[in-house]
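One structure is given here, and the rest of the page talks about it.
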């Protein structure tokens with residue numbers, strides 16, 4: 057399970073608690089959480105790092121892959137570079153389409169306010185995070201180096217689906233919160249064109265970090281997916 061760009065592996069705690077019958081790995085990505093001192097290595101290196109860490113746990117065969125936001129973008133790179141290692145993929149909130157000038161301007165403004173607690177509290181509120189989760193989100197956001205964020209934005213906002221994603225033929229559930237922005241929705245359509253087996257869906261009423269916003273819904277959707285079905289509450293993209 058691969059975390060988002062303004063969080064770390066702790067964001068998956070509600071899911072780990074619900075999946076006690078499975079082996080669940082929640083690695084911190086370079087530059088985040090316990091690896092906050094590491095430099096951003098680029099998306100391809102990130103994908104290789106994920107597979108190396110899974111292999112280090114003596115998992116040599118295919119594994120189920122879950123990613124949100126940056127974690128979903130990284131998961132797409134894993135599919136492209138290591139398609140044979142993934143059994144199934146559930147990806148939500150992946151910004152794969154190149155954003156417009158307005159979004160890139162907002163990213164530059166974010167970097168200006170990166171060390172301001174009020175900025176992170178505003179983000180937490182905008183994402184619909186429950187009150188109990190907001191301070192942890194703020195504290196971690198303040199721990200991420202501005203240099204890491206700048207390099208991450210540059211890579212992610214370059215946009216595009218990497219060559220090789222079409223080589224992955226396994227089950228694929230690309231999704232997003234129903235209230236996410238247009239860039240993520242365009243990304244879903246792009247991924248669906250490249251991977252015809254993709255079941256593109258929206259989580260009703262949800263924002264970006266919906267594994268925390270509605271833990272029960274996310275856990276039930278994830279559990280259904282891992283057992284081979286798509287939760288009927290998810291909305292098709294029209």
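Residue numbers (this note's numbering): 57 to 294. All residues carry an ideal CB built from backbone N, CA and C; glycine is no exception. Remember, it's a predicted structure, so these values are computed and weren't measured experimentally.
Whole-angstrom distance between residue j and residue i, CA atom to CA atom
i	j	result
residue 118	residue 228	14 Å
residue 235	residue 148	12 Å
residue 238	residue 111	36 Å
residue 164	residue 61	16 Å
residue 255	residue 221	15 Å
residue 305	residue 260	Shown here, the chain extends from 57 to 294; a query on residue 305 therefore has no answer.
residue 281	residue 146	8 Å
residue 72	residue 79	9 Å
residue 180	residue 290	24 Å
residue 156	residue 273	31 Å
residue 99	residue 77	31 Å
residue 294	residue 258	10 Å
residue 57	residue 153	22 Å
residue 193	residue 265	11 Å
residue 59	residue 86	11 Å
residue 144	residue 195	33 Å
residue 102	residue 275	26 Å
residue 240	residue 214	14 Å
residue 167	residue 209	10 Å
residue 105	residue 243	24 Å
residue 115	residue 129	22 Å
residue 219	residue 74	35 Å
residue 262	residue 292	14 Å
The beta strand (DSSP E) enclosing residue i, as first and last residue numbers
i	result
residue 144	142–148
residue 122	119–124
Local Cβ density within 10 Å of residue i, reported as buried at 16 or more and exposed below that
i	result
residue 169	exposed
residue 277	buried
residue 253	exposed
residue 233	buried
residue 199	exposed
residue 151	buried
residue 89	buried
residue 93	exposed
residue 270	buried
residue 135	buried
residue 140	exposed
residue 230	buried
residue 247	buried
residue 216	exposed
residue 284	exposed
residue 161	exposed
residue 186	exposed
residue 131	buried
residue 288	exposed
Endpoints, the alpha helix (DSSP H) within which residue i is located
i	result
residue 179	173–182
* Residue ranges of each beta strand (DSSP E) within the segment 241–290, 3 or longer -> Restricting attention to beta strand (DSSP E) runs no shorter than 3 residues, the segment 241–290 encloses them at 257–259, ordered along the chain.
* Asked: What are the start and end residues of each continuous beta strand (DSSP E) run of 3 or more residues lying completely inside the segment 192–237, in chain order?
  -> Runs found: 228–233.
* **Entirely enclosed beta strand (DSSP E) segments - the segment 65–141, minimum 3 residues** => Counting only runs of 3 or more, we get 119–124.
* Would you be able to state if there are at least three C-beta pairs under 8 Å between the segment 118–128 and the segment 172–187? => No, the segment 172–187 is not in contact with the segment 118–128.
* Asked: Do the segment 188–202 and the segment 100–111 meet, that is, are 3 or more Cβ pairs less than 8 Å apart?
  -> Contact fails: fewer than three Cβ-Cβ distances are below 8 Å.
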